[in-house]
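With my numbering, the residue at position 254 of the sequence shown is 270, and numbering never jumps.
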Amino acid sequence: MPNLECRMYEARYPEVDMAVMIQVKHIADMGAYVSLLEYNNIEGMILFSELSRRRIRSVSSLIKVGRQEPVMVLRVDREKGYIDLSKRRVSEEDIHACEERYNKSKLVHSIMRHVAETMDLDLEDLYIHVGWPLYRKYGHAFEAFKVIVTDPDSVLDSLTREVKEVGPDGQEVTKVVLAMTPEVKDALVKNIRRRMTPQPLKIRADIEMKCFQFDGVLHIKEAMKKAEAAGNDDCPVKIKLVAPPLYVLTTQTLDKEQGITILNNAIKACTEKIDHHKGKLVVKEAPRAVSERDDKLLAEHMAKLRSANEEIDGDEDTEEEEDTGMGDVDLDKPGVGITE
């Protein structure tokens with residue numbers, strides 16, 4: 017079986033004064049033992065004296081088993097493999113930079129590991145010939161992967177490796193070939209595109225719209241058309257009825273700010289049109305990015321409203337009541353009638 021365990025970076029150990037992402041494994045008498053997540057989970061230690069600048073009243077309030085967080089590297093003994101770390105010396109700026117780097121590295125590592133596993137490759141070998149050269153050239157392999165999404169050949173075809181072959185004369189010669197076979201390259205590109213192609217955001221706004229003119233329905237439809245006309249090819253606007261007088265406007269875009277601006281313009285155009293016909297529009301929820309869960313809740317709400325509107329008319333299942341306004345009077349019987 018190929019080896020699927022490997023550090024994320026070419027260096028086997030982090031540098032002193034570098035912030036690294038760790039996970040707490042267990043608490044001992046002197047401090048906490050942790051795993052360095054970016055360096056194939058090698059062990060490090062945080063002494064209790066390095067947990068906080070203030071007096072420690074409760075260790076459990078400062079560090080917990082299983083927690084992931086950035087810490088500062090104090091000492092690295094490469095011969096013995098000892099790594100001393102500090103939580104109290106890491107700054108807010110260091111924390112932000114470490115978290116950003118780790119999130120990028122984690123995505124790169126996930127893609128590399130999946131390719132190695134599916135293509136039956138050694139993960140470290142894939143890093144040696146593909147991952148780490150990209151780190152050296154682009155600063156971070158994540159930046160290279162972003163280019164690969166649209167132009168894989170310009171990035172991957174520049175990577176090479178040396179192989180030794182025996183020539184016709186029986187002598188061993190060194191030959192330079194592409195770093196990957198076409199099959200491995202294809203698998204890598206597909207995984208990068210699947211994981212890194214940006215997904216459009218859905219932007220939504222909720223409004224109430226009313227018009228009490230005799231042809232108010234037509235005016236509302238005209239206002240809805242004005243709202244949809246405010247969209248464009250990149251941010252098409254749709255407006256639909258939830259239940260009178262509630263409507264929702266939606267758009268999808270890769271640029272959140274652009275999507276919010278487009279919906280605000282759509283609401284403005286809709287308001288101007290309905291005001292012209294003495295109607296009224298009230299914004300109940302301003303344009304904002306919504307999740308799949310929000311969409312699901314809206315769909316469920318609309319389904320309930322449709323179900324309520326489809327109730328069967330009670331007259332269909334009940335017998336027609338008899339007209340008993342005159343009682344059982346026999347109008348044809350002589351002498352019976354209305355007394356003057």
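C-beta: ideal position from N, C-alpha, C; glycine also.
Cα-Cα separation, residue i to residue j
i: Glu413; j: Glu59; result: No information on residue 413 is available, as it lies outside the stretch 17 to 356 that the chain covers here.
i: Val92; j: Ile79; result: 22 Å
i: Cys359; j: Lys296; result: Since the displayed the chain opens at 17 and closes at 356, residue 359 lies outside it and no answer follows.
i: Asp310; j: Val264; result: 12 Å
i: Leu194; j: Leu175; result: 6 Å
i: Pro216; j: Ile290; result: 30 Å
i: Ala305; j: Asp271; result: 11 Å
i: Asn57; j: Thr269; result: 39 Å
i: Ala282; j: Ala302; result: 12 Å
i: Thr277; j: Gln229; result: 31 Å
i: Thr287; j: Lys300; result: 13 Å
i: Ile328; j: Leu313; result: Any reading at Ile328 must be qualified, since the residue scores a pLDDT of 48, below 50, and its modelled position is unreliable; no value is offered.
i: Ser76; j: Met240; result: 57 Å
i: Lys96; j: Arg210; result: 41 Å
i: Ala27; j: Ser74; result: 36 Å
i: Arg71; j: Glu109; result: 23 Å
i: Pro18; j: Glu133; result: 8 Å
i: Ala44; j: Val81; result: 11 Å
i: Gly341; j: Glu316; result: Caution applies to Gly341, whose pLDDT of 42 falls short of 50 and renders its modelled position unreliable; the model cannot decide the point.
i: Glu188; j: Trp148; result: 28 Å
i: Lys153; j: Arg94; result: 26 Å
i: Asn248; j: Lys242; result: 12 Å
i: Arg69; j: Leu52; result: 23 Å
Closest residue to residue i among the options (Cα-Cα distance)
i: Asp100; options: Ser68, Asp138, Thr277, Met61; result: Met61
i: Met225; options: Gln84, Lys284, Asp250, Met212; result: Lys284
i: His292; options: Leu172, Lys80, Pro149, Glu238; result: Glu238
i: Ala113; options: Arg91, Leu123, Leu137, Val87; result: Val87
i: Tyr29; options: Tyr98, Leu67, Gly47; result: Tyr98
i: Asp173; options: Gly183, Val192, Phe158; result: Val192
i: Cys251; options: Thr134, Ala305, Gln274, Asn19; result: Gln274
i: Ile38; options: Ala27, Arg117, Glu54; result: Glu54
i: Leu416; options: Asn57, His42, Asn56; result: Given that the chain is displayed from residue 17 to residue 356, the structure contains no residue 416 and the question cannot be resolved.
i: Ile236; options: Leu262, Asp249, Thr213; result: Leu262
i: Tyr25; options: Ala319, Ser121, Gly47, Gln84; result: Ser121
i: Lys103; options: Val40, Leu150, Arg117; result: Val40
i: Leu20; options: Lys241, His125, Tyr49; result: His125
i: Glu66; options: Lys218, Leu52, Gly47; result: Gly47
i: Met34; options: Tyr118, Ser74, Gly82; result: Tyr118
i: Asp231; options: Glu95, Pro214, Lys294; result: Lys294
Residues of its chain near residue i, where Cβ-Cβ distance is below 7 Å and the 5 sequence neighbours each way are ignored
i: Ile208; result: Ile127, Phe161, Ile164, Val165
i: Pro168; result: Val205
i: Thr190; result: Glu178, Lys180
i: Pro214; result: Leu270
For residue i, the first and last residue of its enclosing alpha helix (DSSP H)
i: Arg304; result: From DSSP, Arg304 is part of no alpha helix (DSSP H) but of the beta strand (DSSP E) over 296-306.
i: Thr166; result: 157-166
i: Ala243; result: 232-245
i: His112; result: 108-134
i: Glu288; result: 272-292
i: Lys206; result: 198-212
Spatial neighbours of residue i in its chain, beta-carbon cut-off 8 Å, leaving aside the 5 residues before and after
i: Val131; result: Leu137, Leu142, Val200, Ala203, Leu204, Asn207
i: Leu321; result: Val258, Ala259
i: Glu115; result: Met37, Pro86
i: Met196; result: His145, Val146, Leu172, Leu175, Leu204
i: Val50; result: Ile38, Gln39, Val40, Lys41, Glu59, Gly60, Met61, Ile62, Val87, Leu101
i: Leu234; result: none
i: Arg83; result: Gln39, Val40
Range covered by the beta strand (DSSP E) that runs through residue i
i: Arg177; result: 176-182
i: Leu257; result: 254-259
i: Asp93; result: 84-93
i: His145; result: Note, His145: premise wrong, no beta strand (DSSP E); not H, not E.
i: Arg73; result: Segment: none, Arg73 is in no beta strand (DSSP E) and carries neither H nor E.
Same chain, Cβ closer than 6 Å to residue i, neighbours up to 5 away in sequence not counted
i: Val171; result: Ala160, Val163, Ile164
i: Lys254; result: Thr266
i: Ile111; result: Pro86
Whole-Å CB distance - residue i paired with residue j, under 8 Å assumed
i: Val89; j: Val32; result: 5 Å
i: Cys22; j: Leu150; result: With a Cβ gap of about 15 Å, Cys22 and Leu150 do not count as contacting.
i: Leu279; j: Ile219; result: 6 Å
i: Ile223; j: Val106; result: With 8 Å as the limit, Ile223 and Val106 do not qualify as a contact, their Cβ atoms being about 47 Å apart.
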